[in-house]
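Chemist: Below you will find the structure I want to go over with you.
Numbering (the working numbering), first residue to last: 7 to 334.
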């Protein structure tokens, strides 16, 4: 059943049916009621794309994540998608990969799809190449970053102070008597750099000169197992390890226990993300909550403001919080 079928049966023009659907004035009440009865009778639903063309609106929003396999990032995208869908928008979630040219390519794809707003989930979008592509392709489209910010007039961002959070993780381990502390990175990104900076600041504050930063091969359980084995074999005096993400820490707990280390008596372990991995570890993982749920909800709210016409460059700051469990 099309709008033309409704119009034919009602004895009016298709434009009249369209005006009834969109609650436009200038139609006799008798005609309006006759059309509404037919719309209800046939359970007519206007085509969203067609209505968008009339209004010059697509109602589409792009949500870009670097890796859609990451539970942390896809969890954020899911929350944002749910809020935007409830408001009548059509979000599309896309995984760009880590390569800067690929990220830029996806920005161009969103331009071609005529999206009305964009969310970038991850600090890994904070690159000069991505910034330039936004400037070229989407200069007037509201954009919000989760865990990042760019100095562009149409880009807002939520930044969680992970540096200070990790510094407090160092404080916690030292308070527990764990002074020989290692920090494990999970890759290269502005977020990881900030976490490392917090570790270095914490160690310096406590006068510790035995700084040790290690790099895991990738952000997986197996990588956490492998880097932890290396650390404990090469530096058996290690008393505490802070991992850049929870899944590495989960692997670390398993390996440390296999190697005969008692947790937390012999080795204190802290992860970052407050993910499900921390809940299913034995013992349960102490973690730095970088507020992904709250950040995602704020990101959706900021984007909705932009979609309604208030495009701003806001840098929204939040504090991270240590969730202490059994591993420290």
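Ideal Cβ positions, reconstructed from N, Cα and C, are used throughout, including at glycine. Source: prediction; values computed, not measured.
Specify, as a first and last residue, the run of the alpha helix (DSSP H) that residue 380 falls within.
Modeler: Summary: the structure shown does not reach residue 380, with the chain confined to residues 7 through 334, and so no result is reported for it.
Chemist: Looking at the secondary structure, which residues open and close the alpha helix (DSSP H) in which residue 238 lies?
Modeler: Taken as a continuous stretch (DSSP letters only), the alpha helix (DSSP H) holding residue 238 covers 227-240.
Chemist: Please list, in chain order, all residues of the same chain as residue 201 whose beta carbon is under 6 Å from its beta carbon, the five residues on each side excluded.
Modeler: Closer than 6 Å at the Cβ level, and outside the excluded window around residue 201, lie 168, 172 and 250.
Chemist: Any idea what DSSP makes of residue 165, helix, strand or coil?
Modeler: Residue 165 falls in the strand class under three-state DSSP.
Chemist: Quick one: what does DSSP say residue 145 is sitting in, helix, strand or coil?
Modeler: Here residue 145 sits in coil by DSSP.
Chemist: Can you look up residue 209 in the DSSP assignment and give me helix, strand or coil?
Modeler: Residue state, collapsed to three classes: helix.
Chemist: Please determine, among 234, 139 and 84, the residue with the shortest C-alpha to C-alpha distance to residue 299.
Modeler: When only C-alpha atoms are compared, the closest one is 84.
Chemist: Tell me whether the beta-carbon of residue 100 lies closer than 7 Å to the beta-carbon of residue 70.
Modeler: Yes. Within cutoff.
Chemist: What does the Cβ neighbour count give for residue 236, buried or exposed, with the cut at 16 atoms within 10 Å?
Modeler: Per the 10 Å Cβ criterion, exposed.
Chemist: Quick check on the DSSP output: what are the complete alpha helix (DSSP H) runs of length 4 or more inside the region 69-141, in order along the chain?
Modeler: Qualifying alpha helix (DSSP H) stretches, in chain order: 77-92 and 106-118.
Chemist: Excluding the 5 residues preceding and the 5 following residue 56 in the sequence, name in chain order all residues of the same chain whose CB lies nearer than 8 Å to its CB.
Modeler: For residue 56, the pLDDT reaches just 48, beneath the cut-off of 50, and the residue's location in the model is therefore unreliable, leaving the point undetermined.
Chemist: Can we say the region 118-130 touches the region 266-284, given the rule of at least three CB pairs closer than 8 Å?
Modeler: No, the region 118-130 does not touch the region 266-284.
Chemist: Just verifying my parser: in three-state terms, what is the DSSP assignment at residue 219?
Modeler: It is a strand residue.
Chemist: State the DSSP-derived secondary structure class of residue 272, mapped to helix, strand or coil.
Modeler: Here residue 272 sits in coil by DSSP.
Chemist: Hey, could you find the ends of the beta strand (DSSP E) residue 247 is sitting in?
Modeler: Looking at the DSSP string, the run of the beta strand (DSSP E) that includes residue 247 is 246-249.
Chemist: At the level of alpha carbons, what is the spacing between residue 180 and residue 326?
Modeler: Spanning the two alpha carbons is a distance of roughly 19 Å.
Chemist: Just to confirm, are residue 98 and residue 302 a CB contact at a threshold of 7 Å?
Modeler: Contact flag unset, no.
Chemist: Assuming residue 231 contacts residue 260 (C-beta within less than 8 Å), just tell me the rounded distance between them.
Modeler: Going by Cβ atoms, the distance from residue 231 to residue 260 rounds to 6 Å, so yes, they are a contact pair.
Chemist: Which stretch, first to last residue, makes up the beta strand (DSSP E) that contains residue 279?
Modeler: Counting along the chain, residue 279 falls outside any beta strand (DSSP E), and DSSP gives it neither H nor E.
Chemist: Give me the DSSP bridge partner(s) of residue 150.
Modeler: Note: residue 150 sits in a beta bridge opposite 125 and 162.
Chemist: Compare the Cα-Cα distances from residue 96 to each of 273, 331 and 313 and report the closest residue.
Modeler: Closest option to residue 96, Cα to Cα, is 313.
Chemist: Measure from the C-beta of residue 303 to each C-beta in chain B and report whether the shortest distance is under 7 Å.
Modeler: Checking the listed chains, one finds no chain B in this structure; it contains a single protein chain.
Chemist: Within 8 Å, do at least three Cβ pairs link the region 180-194 to the region 148-168?
Modeler: Touching, no.
Chemist: Are residue 154 and residue 129 closer than 7 Å when you measure CB to CB?
Modeler: Yes. Within cutoff.
Chemist: Quick one, are the C-beta atoms of residue 329 and residue 279 less than 7 Å apart?
Modeler: Their beta carbons are not under 7 Å apart, which means residue 329 does not touch residue 279 by this criterion.
Chemist: Considering only residues of the same chain and omitting the five flanking positions on each side of residue 290, which have a CB-CB separation below 8 Å?
Modeler: Result list for residue 290: 284, 331, 332 and 333, in chain order.
Chemist: Count the other CB atoms, across all protein chains shown, that sit within 10 Å of the CB of residue 162; report buried if there are 16 or more and exposed otherwise.
Modeler: Flag for residue 162 reads buried.
Chemist: Around the Cβ of residue 21, are there at least 16 other Cβ atoms within 10 angstroms (buried) or fewer (exposed)?
Modeler: Exposed is the call here.
Chemist: Assuming residue 226 contacts residue 253 (C-beta within less than 8 Å), just tell me the rounded distance between them.
Modeler: Their Cβ separation, rounded to whole angstroms, is 6 Å, which keeps residue 226 and residue 253 in contact under 8 Å.
Chemist: Taking buried to mean at least 16 other C-beta atoms within 10 Å of its own C-beta, is residue 140 buried or exposed?
Modeler: So residue 140 ends up on the buried side.
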